[in-house]
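What follows is a single structure, written as structure tokens, with notes after it.
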Amino acid sequence: MLSQSRRLTARNPHFGLAVIACLVIAFALSGLMNRIPYVGGVMSPVWEWDVFARAALVALSLGLIGGLYPAYRATRMQPVEALRYE
44 MLSQSRRLTA
54 RNPHFGLAVI
64 ACLVIAFALS
74 GLMNRIPYVG
84 GVMSPVWEWD
94 VFARAALVAL
104 SLGLIGGLYP
114 AYRATRMQPV
124 EALRYE
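In terms of this note's numbering, the sequence shown is residues 44 to 129.
Written out as structure tokens, the structure reads:
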């Protein structure tokens, strides 16, 4: 199950576009926030590689947990019980 979800994500042609779109939106929103009179001087975005690395690590960890937990539960059930709920 986990390998199937990984293959579907890797083969999705829109995955790279989604990542680029999210980065563009993040940069645009931070630029807009700096133009607000009372917020511009208080908040300044920090774009460092370790922030992106931590975000990718958290997303990967949550994805693995989200994929492994249902697979673990499915291995603990009888096949007839697992198919009954579909």
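Even for Gly, the Cβ is constructed at its ideal location relative to N, Cα and C.
Check                                                                  : Outcome
Alpha-carbon to alpha-carbon, residue 97 and residue 91                : 10 Å
Straight-line gap, residue 77 to residue 86 (C-alpha atoms, nearest Å) : 7 Å
Residue 113: CB within 8 Å of a non-hydrogen atom of the ligand FAD    : The ligand FAD is not part of this structure, which contains no ligands at all.
Residue 125 vs residue 117 beta-carbon contact at 9 Å                  : yes
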